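*Asks:* Chains as they are written, first to last, in this note's numbering: chain A, 129 to 525; chain B, 24 to 469. Where a beta carbon is used, it is the ideal one built from N, C-alpha and C, also for glycine. Model, not experiment: these values are computed from the prediction. Input: one structure, supplied below.
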């Protein structure tokens, strides 16, 4: 049996205003409310609302056989409440079907794991509480920001927070000859480890509308046949897990409606469920489904799902990124010492990984995917606004 | 006495360093009874007959063509700027913007971004100025050629006793006017190409500078420092050179009182971020000071071709959120940043005069001035340090941070000193130069 696991990441950062030195100390809002509202409206209209409706219909149609999972950040939930309450309602309706698993993560989609363990655990707890409050859901599976993972993360997540499963990228340099289709264990064999099958996941997330791709256009038939082929290698009836992890904004936002992405999704479950040895499941259920001794994998160095390198270089490569994040965690510790809850909330919104992603210079010359996602004109500007915002925050201490 | 004056910049529309200096000088000359016909790089064939002190602000205008002039007089303009825009004056100090700045600007921007609603009003103004006036079909040299071709008509049709021109952009006009009228020519040297380029610079400009100064009857240098440069680099006859230091004009609506932005000591660099201004030395100093005084804040205000490099370098030095980039500031914003600063640093590699430290001192800000500047010759209550001596600069700043009372006293003494520097004195010296030239002229043309 091969189980398809869909996990969709739902996240919207609080984008910073163009903070100038002269604005410092004027106690003005550091975040670009207008832009954040506009983006939320746009994405809700193009992606969240239509896709949620589509998925709800599919879940109802297949009566429990079509199952999916979401990870929704605290920043996204807060901005739903501010700018698009009906989006939050539509997610609640999905969760209420019982066919949706919610994953745990850091409330602010932050890189805290890499810099400040206490802050990391605080944000994980905050997020768990938020899922409890908003959806009445207790999270059992963990995904760290951008699927960043290394061995000691699993210790924290298992020992302190008691998560049972963790998901990350199926990085070649770790897997080597292995396939990401099996459920693995972390290095200490305490926790279930699921790995993204990036070739197929990225076919949907990145290549779906790319006319230069030899496989264009991607039809449901073709895609399900590929999946079917994956099962041939398994002769011992071990359960396989095909982890299709992607940004939720893939639907209607990164891949426009005109590309046929919604049609694809509409017919995909049907085609999968026609075949008796294929099905859907969610991460927390893999525990019981793994009918074999799970091999343990060690991740000495951090991995992520970003860019070709699948490492931290999208957020923490150049000097601007490093100076910005080091300044941030230094300031955060000072704010925590002071114990001002209002400042702490503002600061935490600035811990979101997107801020550092905007400062990435790797692909700037080529006008690549980073640029597509950045609200600023250049990495330099993103850096200037961020540093000015930090300086402002420090003056408020 | 009537002077035909050519200059490239004049406020309110152009207020770069050259424009501000010309404004102060002309106003003070008018106060001493000298009449000036001013020619600016306007699109229309006009000149500005200035007779009284107040004329520098109203800029009365005459079209050379009488028919055009009658038509002009019949027009109604709502504002001064509207009227000046009709005459076609660009609003950016072009002589101070290098082609590389513009290229950098053009490659660094996305048009869609600048025209979108997300840009601030100030940024939009920069865009407008850049696009309307700089990215035209002609480069600066060609504009100078056109300006020069028109000088002939002014020289023939106007009546004057002598000619006074400012910087290389107007030297060719001055030479033509002298050739046609035979009247004495004074060329004013505000900045040489060596200063601007921070290196050899554009050879065409050197040639213009050299021939202008050679053909002139008097060369006015804005400092001893510049006079040295004129003698050693251009080999101009020492007997022709006179030194007249610049002064400042603080407009009456300027608010000088302190209004802090940062709790910690605030140290300011204000100027173009180019090799000439030594911004890299400022960064070195900041790194040294912040090791001892992490509570200090360093502000770099301005734009220029070195901005990106310095931004990356400051991040590499891990100066955290203590070294900030304020970008391009307009007049009002400059005032805001000056009110918020405690120490001003001018680390210029080569600064013929350098008016902005005087302005900073007028705000009571303690100033550290590069020894390689003209302004160092006119003030005593400021620290004068070689631009390359970053250790000494850092020590000085540390000392000032540790002794705030001393820092304040230095600032106040500096303010009093600067308040005594008036254009009147400079204008008197210029008038004496005019008079002696006229006397010589009359003697040789009886």
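(1) Does the beta-carbon of residue 420 of chain A have 16 or more other beta-carbons within 10 angstroms, so that it is buried, or is it exposed?
(2) Given that a residue counts as buried once 16 or more other Cβ atoms are within 10 Å of its Cβ, and exposed if not, what is residue 237 of chain A?
(3) Suppose you measure from the CA of residue 167 of chain A to the CA of residue 136 of chain A; what does that come to, to the nearest Å?
(4) Taking a cut of 9 Å between CB atoms, which residues from the segment 331 to 351 of chain B lie near chain A?
(5) Which chain A residues are close to residue 286 of chain B, counting only those with a beta carbon under 7 Å from its beta carbon?
(6) Are the C-beta atoms of residue 310 of chain B and some chain A residue less than 9 Å apart?
(7) Which two residues bound the contiguous beta strand (DSSP E) that contains residue 371 of chain A?
(8) Rounded to whole angstroms, what's the CA-CA distance from residue 374 of chain A to residue 382 of chain A? Just pull it up for me.
(9) For residue 225 of chain B, collect the residues of the same chain with a Cβ closer than 7 Å to its Cβ; drop the 5 residues on either side in sequence, then sort them by chain order.
(10) What span of residues does the beta strand (DSSP E) with residue 327 of chain B cover, start to end?
(11) Using a 10 Å radius around the Cβ and a threshold of 16 neighbouring Cβ atoms, would you call residue 146 of chain A buried or exposed?
(12) Could you compute how far the alpha carbon of residue 295 of chain A sits from the alpha carbon of residue 133 of chain A?
(13) Beta-carbon separation of residue 338 of chain B and residue 446 of chain A under 9 Å?
(14) What first and last residue would you give for the beta strand (DSSP E) that runs through residue 69 of chain B?
(15) Between residue 167 of chain A and chain B, is there a C-beta pair that is closer than 9 Å?
(16) Starting from the beta carbon of residue 515 of chain A, find every residue of chain B whose beta carbon is closer than 7 Å, and list them in chain order.
(17) Distance check for residue 374 of chain B and residue 323 of chain B, CA to CA, integer angstroms please.
(18) Tell me whether residue 213 of chain B is buried or exposed, calling it buried when 16 or more other Cβ atoms sit within 10 Å of its Cβ.
(19) What alpha helix (DSSP H) runs, 4 residues minimum, are completely inside the segment 421 to 506 of chain A?
(20) Thinking C-beta only, is residue 151 of chain A closer than 9 Å to residue 526 of chain A?
(21) What would DSSP say about residue 118 of chain B, mapped onto helix, strand or coil?
(22) Is residue 469 of chain A buried or exposed, if buried means 16 or more other CB atoms sit within 10 Å of its CB?
(23) Considering only the beta carbon of each residue, do residue 422 of chain A and residue 321 of chain A sit closer than 9 Å?
(24) Exposed or buried, which one is residue 278 of chain B when buried takes at least 16 other CB atoms within 10 Å?
(25) When you compare only the Cα positions, how much space is there between residue 305 of chain B and residue 365 of chain B?
(26) What is the rounded straight-line gap between the Cα of residue 218 of chain A and the Cα of residue 260 of chain A?
(27) Note down, in chain order, each residue of its chain lying with its Cβ closer than 6 Å to the Cβ of residue 441 of chain B, except the 5 sequence neighbours on either side.
(28) Residues in the segment 138 to 167 of chain A with C-beta within 7 Å of chain B's C-beta atoms, listed in sequence order?
(29) Determine the extent of the alpha helix (DSSP H) in which residue 329 of chain A is found, giving its start and end residues.
(30) What would DSSP say about residue 190 of chain B, mapped onto helix, strand or coil?
(31) For residue 244 of chain B, which residues does DSSP report across the bridge?
(32) Check whether the segment 393 to 404 of chain B and the segment 351 to 371 of chain B are in contact - that is, three or more C-beta pairs closer than 8 Å.
(33) Taking the alpha carbon of residue 450 of chain B as the point to measure from, which residue in B:256, B:271, B:255 and B:91 has its own alpha carbon closest?
(34) Skipping 5 residues on each side, what residues in its chain have a beta carbon closer than 7 Å to that of residue 266 of chain A?
(35) What in chain A is Cβ-close to residue 360 of chain B, meaning under 8 Å?
(36) As a quick exercise: from A:396, A:304, A:336 and A:339, pick the residue whose alpha carbon is nearest that of residue 349 of chain A.
*Replies:* Looking at the atomic coordinates:
(1) By the neighbour-count rule (16 or more Cβ atoms within 10 Å), residue 420 of chain A is not buried but exposed.
(2) So residue 237 of chain A ends up on the buried side.
(3) The straight-line gap from Cα to Cα measures roughly 19 Å.
(4) When CB distances to chain A are screened at a threshold of 9 Å, the residues of the segment 331 to 351 of chain B falling below it are 331, 334, 335, 336, 337, 338, 339, 340, 341, 342, 343, 344, 345, 346, 347, 348, 349 and 350, in chain order.
(5) Near residue 286 of chain B (Cβ distances below 7 Å), the residues of chain A are 523.
(6) Not a single CB atom of chain A sits nearer than 9 Å to the CB of residue 310 of chain B.
(7) Its beta strand (DSSP E) spans residues 368 to 375.
(8) Taking the straight line joining both Cα atoms gives about 11 Å.
(9) Same-chain partners within the cutoff: 216.
(10) Residue 327 of chain B -> no beta strand (DSSP E), and no H or E assigned at all.
(11) The Cβ neighbour count for residue 146 of chain A, taken over all protein chains shown within 10 Å, is at least 16; the residue is labelled buried.
(12) The C-alpha of residue 295 of chain A lies about 11 Å from the C-alpha of residue 133 of chain A.
(13) The answer is yes: Cβ separation under 9 Å.
(14) Where residue 69 of chain B is concerned, the enclosing beta strand (DSSP E) stretches over 69 to 73.
(15) It does not; no Cβ of chain B falls within 9 Å.
(16) Contact note: residue 515 of chain A reaches chain B through 344 and 347, using a C-beta cutoff of 7 Å and chain order.
(17) Answer to the nearest angstrom: the Cα atoms are 18 Å apart.
(18) Result: buried.
(19) Qualifying alpha helix (DSSP H) stretches, in chain order: 447 to 466, 469 to 477, 482 to 485 and 497 to 501.
(20) The question about residue 526 of chain A has no answer, for chain A in this structure spans 129 to 525.
(21) Any reading at residue 118 of chain B needs caution, since the residue's pLDDT is 43, under 50, leaving its predicted position unreliable; the model's value is listed next. If DSSP states are grouped into helix, strand and coil, residue 118 of chain B belongs with the helices.
(22) Residue 469 of chain A is exposed by the Cβ-count criterion.
(23) Yes, the pair counts as a contact, with Cβ atoms nearer than the cut-off.
(24) Residue 278 of chain B is exposed by the Cβ-count criterion.
(25) Rounded to the nearest whole angstrom, the CA to CA distance from residue 305 of chain B to residue 365 of chain B is 15 Å.
(26) Their Cα atoms are separated by approximately 17 Å.
(27) So the list reads 381, 384 and 385, once near-sequence residues are dropped.
(28) Listed by position along the chain: 146, 148, 149, 150, 152, 153 and 163.
(29) Here the alpha helix (DSSP H) through residue 329 of chain A covers 326 to 333.
(30) Helix.
(31) Answer is B:212 and B:266, bridged to residue 244 of chain B.
(32) By the Cβ rule, the segment 393 to 404 of chain B counts as touching the segment 351 to 371 of chain B, because three or more pairs are nearer than 8 Å.
(33) Distances from the alpha-carbon of residue 450 of chain B to those of B:256, B:271, B:255 and B:91 put B:271 closest.
(34) Answer for residue 266 of chain A: 260, listed in chain order.
(35) Per Cβ cutoff of 8 Å: 149 and 150.
(36) Of the listed residues, the one whose Cα sits closest to residue 349 of chain A is A:396.
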